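Below is one structure, written out as structure tokens; the observations come after it.
Numbering (my numbering), first residue to last: 31 to 295.
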């Protein structure tokens with residue numbers, strides 16, 4: 031009977047923390063949660079950045095606790111992380127809308143519309159749902175005046191983006207999205223009627239080509255993108271780094287341990 035109960039609990043509760051791989055009864059242990067809570071969203075921009083890339087904000091660098099949690103959520107189908115990661119993304123949205131160092135957006139109290147970068151149909155099947163839509167819903171939860179729109183749809187990808195050069199990624203990104211006419215018209219009407227602020231959401235920014243392509247496609251359809259918000263910004267190992275590197279939250283010390291700390295970026 032004891033073995034049956036333990037097996038049942040293993041199905042219901044995560045066996046390890048997604049941030050440090052230590053045994054835990056929750057998706058993220060208390061130290062990892064505390065480290066993520068201490069992270070302060072800030073502006074980030076790849077160097078070089080694509081032309082017309084929207085002002086972008088990130089919670090932290092794509093490393094340590096945050097990297098592990100994003101990978102576990104996105105690629106290991108740990109959907110229970112959506113609430114925690116989405117809440118953190120909501121904080122990035124708050125900072126992005128109010129943030130300095132970028133052109134001013136609508137006045138305080140203006141409604142905010144979150145536009146998650148869509149996943150391809152193949153990715154949705156592989157991940158048992160659209161991971162960015164999950165994060166967007168969690169980011170909007172408990173934030174009055176924040177809504178979600180889905181004016182974009184992802185077109186099938188012809189190549190694995192991991193195998194493409196930066197120039198090839200930019201070219202592929204330009205043809206990665208199409209607009210949903212009805213959703214786009216409704217979003218345009220909301221902007222005109224209410225002065226809504228549009229924020230494009232993604233999980234990670236590397237070269238900025240995906241965010242830029244999404245923003246351009248919307249702008250071609252008459253929807254101005256004011257900001258972009260992501261959970262993490264990569265710190266490129268070769269070539270130039272982000273112009274404003276965010277902090278690193280936690281660094282792995284081994285296969286089963288991680289130091290949970292914030293390193294100023």
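Don't be surprised by glycine CBs; every beta carbon is placed ideally from N, CA and C. Just so we're clear, the structure is a prediction, and the values are computed from it rather than from any experiment.
Span of the alpha helix (DSSP H), counted from its first residue to its last, around residue i
{"i": "residue 123", "result": "112 to 128"}
{"i": "residue 148", "result": "No alpha helix (DSSP H) holds residue 148; DSSP gives it neither H nor E."}
Residue j beta carbon less than 8 Å from that of residue i
{"i": "residue 143", "j": "residue 220", "result": "yes"}
{"i": "residue 226", "j": "residue 169", "result": "no"}
{"i": "residue 171", "j": "residue 178", "result": "no"}
{"i": "residue 151", "j": "residue 207", "result": "no"}
{"i": "residue 164", "j": "residue 209", "result": "no"}
{"i": "residue 90", "j": "residue 112", "result": "no"}
{"i": "residue 279", "j": "residue 95", "result": "yes"}
{"i": "residue 216", "j": "residue 126", "result": "no"}
{"i": "residue 80", "j": "residue 214", "result": "no"}
{"i": "residue 119", "j": "residue 145", "result": "no"}
Own chain, CB closer than 6 Å to residue i, minus 5 neighbours either side, in chain order
{"i": "residue 114", "result": "58"}
{"i": "residue 1", "result": "Look at the range of the chain in this structure, 31 to 295, and you will see that residue 1 is not part of it."}
{"i": "residue 45", "result": "none"}
{"i": "residue 176", "result": "142 and 170"}
{"i": "residue 161", "result": "104"}
Range of the contiguous beta strand (DSSP E) that encloses residue i
{"i": "residue 100", "result": "No beta strand (DSSP E) holds residue 100; the alpha helix (DSSP H) holding it covers 94 to 105."}
{"i": "residue 78", "result": "It is not in any beta strand (DSSP E) - residue 78 carries neither H nor E in the DSSP assignment."}
{"i": "residue 86", "result": "86 to 91"}
{"i": "residue 261", "result": "257 to 263"}
{"i": "residue 300", "result": "The structure shown does not extend to residue 300, since the chain is modelled only from 31 through 295, so no value can be given for it."}
{"i": "residue 182", "result": "182 to 184"}
{"i": "residue 229", "result": "227 to 235"}
Rounded straight-line distance, which links the Cα of residue j to that of residue i
{"i": "residue 65", "j": "residue 153", "result": "30 Å"}
{"i": "residue 107", "j": "residue 157", "result": "6 Å"}
{"i": "residue 229", "j": "residue 203", "result": "18 Å"}
{"i": "residue 75", "j": "residue 54", "result": "35 Å"}
{"i": "residue 104", "j": "residue 67", "result": "20 Å"}
{"i": "residue 117", "j": "residue 109", "result": "14 Å"}
{"i": "residue 155", "j": "residue 82", "result": "32 Å"}
{"i": "residue 282", "j": "residue 56", "result": "Reliability of the predicted coordinates at residue 282 is poor, the pLDDT of 41 falling under 50, and the value obtained from them is presented with this limitation in mind. About 19 Å."}
{"i": "residue 253", "j": "residue 231", "result": "15 Å"}
{"i": "residue 62", "j": "residue 223", "result": "42 Å"}
{"i": "residue 49", "j": "residue 277", "result": "16 Å"}
{"i": "residue 174", "j": "residue 187", "result": "36 Å"}
{"i": "residue 218", "j": "residue 77", "result": "31 Å"}
{"i": "residue 128", "j": "residue 250", "result": "25 Å"}
{"i": "residue 255", "j": "residue 180", "result": "13 Å"}
{"i": "residue 201", "j": "residue 257", "result": "22 Å"}
Neighbourhood of residue i by C-beta distance below 8 Å, restricted to the same chain and skipping five residues each side
{"i": "residue 100", "result": "92, 115, 233, 234, 261 and 262"}
{"i": "residue 159", "result": "109"}
Residues near residue i by beta carbon distance below 7 Å, same chain, minus five either side
{"i": "residue 131", "result": "Below a pLDDT of 50, predicted positions are generally treated as unreliable, and residue 131, at 47, falls in that range; no measurement from the model is reported."}
{"i": "residue 97", "result": "262"}
{"i": "residue 71", "result": "87, 88, 89, 121, 122 and 125"}
{"i": "residue 184", "result": "148, 149, 150, 206 and 207"}
{"i": "residue 102", "result": "48, 108 and 111"}
{"i": "residue 211", "result": "none"}
Subject >> At least three beta-carbon pairs within less than 8 Å, the region 74 to 89 to the region 234 to 243 >> reply: Result yes; three or more Cβ-Cβ pairs closer than 8 Å.
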